[in-house]
Structure formats: structure tokens, C-alpha cells
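Report on the structure given below.
Numbering (my numbering), first residue to last: 77 to 392.
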């Protein structure tokens with residue numbers, strides 16, 4: 077027998093029901109038929125998934141292993157097959173984004189408001205989040221883009237720029253330039269660097285371009301996404317890291333805006349046009365802008381840079 081998705085779903089139903097008789101009633105077959113199917117599934121998997129007892133069934137250690145993976149597979153498949161059919165009115169507000177203060181601040185503000193339930197989906201790639209909007213898996217998303225790599229205009233997706241800010245650099249607190257309010261990229265030409273992987277929307281390509289404009293090719297020693305590891309390596313003086321100005325460096329890391337003509341990023345609110353959210357976009361945009369303003373309020377030397385950033389990268 078070849079294992080199929082329906083077999084994995086059957087195992088999940090049996091585990092949830094706790095007995096073969098209740099599971100048989102749920103799936104609409106006789107108990108002997110379900111028992112026979114379970115035997116064939118277990119034979120295919122090469123191990124016993126459930127122990128049978130007077131009070132029902134319980135997963136074996138091997139069964140727990142199988143069920144964890146079966147549930148993960150079913151969640152993914154249900155998302156792929158059912159997401160396009162769901163509408164926000166029935167499922168609540170579906171918000172996507174990457175871990176930025178705009179997303180987290182917007183969520184905190186929305187959770188405090190009465191209304192439909194909110195579900196959150198995070199992805200590293202802004203382009204993937206756009207695809208999820210187009211395919212109706214999401215209703216709204218907070219995205220970022222960069223000079224020369226602006227997100228494409230799509231006929232079914234609306235966008236609004238929330239804020240424009242400079243790219244920053246994370247340095248150890250004892251670095252000779254750590255006392256500056258802002259740092260020219262050219263003065264960091266001799267540093268080792270760590271960067272986050274390509275996000276499909278222009279990063280880190282825009283950073284490499286800025287380095288070339290500043291007269292050097294960066295020595296990239298590390299590529300990673302985990303903020304804790306980035307902070308740890310920077311604090312130890314292993315490398316400098318380009319980052320968002322709102323990165324919390326902790327006690328041993330300073331974060332300073334970089335200066336340069338292409339060292340900017342935009343925070344963008346995107347939503348699916350023609351949906352139930354159209355009338356709420358001004359409210360959501362205002363909450364997102366409020367979240368960004370709160371996040372950058374205490375960043376040294378940033379207020380003037382934000383003003384110059386708006387002029388340099390005005391919304392098309």
C-alpha cells in the first residue's frame with residue numbers, strides 16, 4: 077500500500093477521538109473497516125502507531141513520532157488547499173509580515189481593539205508575502221523594500237508607504253565609531269561583515285551596491301538571520317552587521333544610522349484590493365505609522381535622517 081494524505085488524516089482522527097469506534101463514526105465507516113485500514117497503514121509505516129486497550133487507543137512512542145509529522149503535513153496541506161477559498165469575514169483578519177517593529181506594534185494595537193480574531197503569518201521574503209496576498213492567503217501585510225528594488229505594482233494589491241528610514245550598522249559598544257550619532261559607510265571599509273541572506277526583494281544586494289558606491293567591496297564573513305546570534309557576534313567584535321535602526325542591541329552593541337545615497341529602506345503596508353479591508357486601510361496605516369514612530373523615538377540622530385529619507389525616497 078502507498079501512503080496517502082487521507083491515511084495521515086485518518087491517524088490524526090483516531091488520535092483525536094481516542095478510540096476506534098468514535099473515530100469510525102467521525103469518518104463515516106464501520107469500526108472493522110477502520111481497524112483494517114489502520115493495520116494496513118501501520119504495516120506500510122513499519123511500526124505500531126496505537127496501543128489498543130479497554131478504554132480506547134493511545135499512541136506508542138513511534139506513533140507519537142508519526143503523529144507529530146502527520147499533523148505538520150496536514151496543517152501545511154490544508155493551508156495550501158484551503159487558503160484561497162477563505163475570506164477575511166469568515167476567518168478573521170489575516171496579517172503577514174516579517175519581524176519588524178511595524179508588524180509587532182501594529183499587532184499589539186489591533187489586539188487591544190474589539191473585532192474579528194486575528195491570525196499572524198510571518199515570512200522572511202517580502203515577495204512571498206506579496207504572493208500570499210495575491211493568492212488570498214493573507215488580507216494585509218507589512219513589507220519592506222529598498223532603493224532600486226521597489227516592490228512591483230500588482231493590480232490586485234494596494235500599497236501605502238508607512239515610513240522611510242536609513243539602514244543602520246550594529247557595532248560593539250567599544251568600537252571607535254560607536255560614539256557617533258550616524259556613520260558614513262565609507263569609514264567602515266576595513267570591517268568584517270555579517271549579513272542576512274537574500275530576501276528576494278533586494279537585500280542584501282542594495283547593501284553591496286552602497287558599499288561599491290562608498291569605494292569598497294565588503295568582506296562578508298558570516299550570513300545569518302538570528303538576532304541573538306548577530307548581537308552576540310557583534311558584541312564580541314567578530315563583525316559589523318547592517319541592520320534596521322530599531323534593532324535592540326542590548327548593553328554591548330550600539331546601532332547607528334548609516335549615511336549614503338542608497339542606504340534606505342521603506343516600510344510598506346500592502347493589502348488585497350476589493351476585500352473587506354478597503355475601508356479600514358486608513359486606520360491600519362495610522363496604527364502602523366504610530367508603531368514605527370514609537371520604535372524609532374529613542375534612536376540617536378534619527379529624527380533628521382527620517383525627514384531627509386522621506387525626501388530621498390518619496391512614495392511613487
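Beta carbons: idealized from backbone N, C-alpha and C, even for Gly.
Local conformation of residue i per DSSP, three classes
{"i": "residue 78", "result": "coil"}
{"i": "residue 129", "result": "strand"}
{"i": "residue 51", "result": "Lying before the first or after the last residue shown, residue 51 is absent from the chain, which here runs from 77 to 392."}
{"i": "residue 44", "result": "Outside the displayed range of the chain (77 to 392) lies residue 44, so it cannot be described from this structure."}
{"i": "residue 196", "result": "strand"}
{"i": "residue 402", "result": "Absent from the structure is residue 402, since the part of the chain shown begins at 77 and ends at 392."}
{"i": "residue 205", "result": "helix"}
{"i": "residue 161", "result": "Any reading at residue 161 needs caution, since the residue's pLDDT is 49, under 50, leaving its predicted position unreliable; the model's value is listed next. Note: residue 161 maps to helix in three-state DSSP."}
{"i": "residue 241", "result": "strand"}
{"i": "residue 325", "result": "coil"}
{"i": "residue 368", "result": "helix"}
{"i": "residue 345", "result": "strand"}
{"i": "residue 140", "result": "helix"}
{"i": "residue 250", "result": "coil"}
{"i": "residue 236", "result": "strand"}
{"i": "residue 315", "result": "coil"}
{"i": "residue 124", "result": "coil"}
{"i": "residue 231", "result": "coil"}
{"i": "residue 376", "result": "coil"}
{"i": "residue 265", "result": "coil"}
{"i": "residue 177", "result": "helix"}
{"i": "residue 330", "result": "strand"}
{"i": "residue 135", "result": "strand"}
{"i": "residue 103", "result": "helix"}
{"i": "residue 452", "result": "Only positions 77 to 392 of the chain appear in the structure, and residue 452 is not among them; the question remains open."}
One or two residues paired with residue i in a DSSP bridge
{"i": "residue 222", "result": "225"}
{"i": "residue 260", "result": "335"}
{"i": "residue 298", "result": "270"}
{"i": "residue 66", "result": "Any answer about residue 66 is impossible in this case: the structure gives the chain only from 77 up to 392."}
{"i": "residue 287", "result": "According to DSSP, residue 287 bridges with nothing at all."}
{"i": "residue 216", "result": "171, 347"}
Span separating the alpha-carbon of residue i from that of residue j
{"i": "residue 300", "j": "residue 104", "result": "49 Å"}
{"i": "residue 186", "j": "residue 122", "result": "48 Å"}
{"i": "residue 317", "j": "residue 206", "result": "27 Å"}
{"i": "residue 397", "j": "residue 223", "result": "In the structure displayed, the chain extends from 77 to 392; residue 397 sits before or after that span and is not available."}
{"i": "residue 261", "j": "residue 278", "result": "18 Å"}
{"i": "residue 163", "j": "residue 183", "result": "Annotation note: pLDDT 49 at residue 163 (below 50); position unreliable, coordinate value reported separately. C-alpha separation (whole angstroms): 20 Å."}
{"i": "residue 349", "j": "residue 211", "result": "12 Å"}
{"i": "residue 328", "j": "residue 308", "result": "9 Å"}
{"i": "residue 244", "j": "residue 363", "result": "24 Å"}
{"i": "residue 204", "j": "residue 289", "result": "29 Å"}
{"i": "residue 298", "j": "residue 315", "result": "8 Å"}
{"i": "residue 217", "j": "residue 345", "result": "6 Å"}
{"i": "residue 319", "j": "residue 371", "result": "14 Å"}
{"i": "residue 91", "j": "residue 196", "result": "27 Å"}
{"i": "residue 302", "j": "residue 323", "result": "12 Å"}
{"i": "residue 137", "j": "residue 125", "result": "8 Å"}
{"i": "residue 228", "j": "residue 378", "result": "28 Å"}
{"i": "residue 306", "j": "residue 268", "result": "13 Å"}
{"i": "residue 347", "j": "residue 150", "result": "27 Å"}
{"i": "residue 176", "j": "residue 111", "result": "49 Å"}
{"i": "residue 333", "j": "residue 254", "result": "11 Å"}
{"i": "residue 280", "j": "residue 97", "result": "56 Å"}
{"i": "residue 171", "j": "residue 108", "result": "45 Å"}
{"i": "residue 282", "j": "residue 174", "result": "18 Å"}
{"i": "residue 352", "j": "residue 361", "result": "15 Å"}
{"i": "residue 374", "j": "residue 139", "result": "52 Å"}
{"i": "residue 256", "j": "residue 213", "result": "44 Å"}
{"i": "residue 130", "j": "residue 189", "result": "49 Å"}
8 Å contact criterion, which residue i and residue j should meet: CB distance rounded
{"i": "residue 127", "j": "residue 120", "result": "Contact flag wrong, Cβ pair sits at about 19 Å."}
{"i": "residue 271", "j": "residue 342", "result": "That belief does not hold up - the Cβ atoms of residue 271 and residue 342 are roughly 19 Å apart, past 8 Å."}
{"i": "residue 192", "j": "residue 168", "result": "4 Å"}
{"i": "residue 242", "j": "residue 143", "result": "Not a contact, Cβ separation roughly 48 Å."}
{"i": "residue 132", "j": "residue 95", "result": "4 Å"}
{"i": "residue 117", "j": "residue 86", "result": "7 Å"}
{"i": "residue 365", "j": "residue 238", "result": "5 Å"}
{"i": "residue 99", "j": "residue 89", "result": "5 Å"}
Member of the options whose CA lies at the smallest distance from the CA of residue i
{"i": "residue 225", "options": "189, 198, 286", "result": "286"}
{"i": "residue 199", "options": "192, 179, 188, 190", "result": "179"}
{"i": "residue 247", "options": "275, 259, 331", "result": "331"}
{"i": "residue 235", "options": "81, 110, 357, 154", "result": "357"}
{"i": "residue 114", "options": "131, 80, 130", "result": "80"}
{"i": "residue 274", "options": "284, 268, 267, 266", "result": "284"}
{"i": "residue 258", "options": "339, 84, 291, 376", "result": "376"}
{"i": "residue 304", "options": "325, 296, 294", "result": "325"}
{"i": "residue 220", "options": "83, 201, 88, 233", "result": "201"}
{"i": "residue 310", "options": "93, 250, 256", "result": "250"}
{"i": "residue 263", "options": "336, 194, 99", "result": "336"}
{"i": "residue 154", "options": "172, 101, 84, 140", "result": "84"}
Any non-hydrogen atom of the ligand SAH within 8 Å of residue i CB
{"i": "residue 353", "result": "Among the ligands in the structure shown, none appear at all, so the ligand SAH cannot be discussed."}
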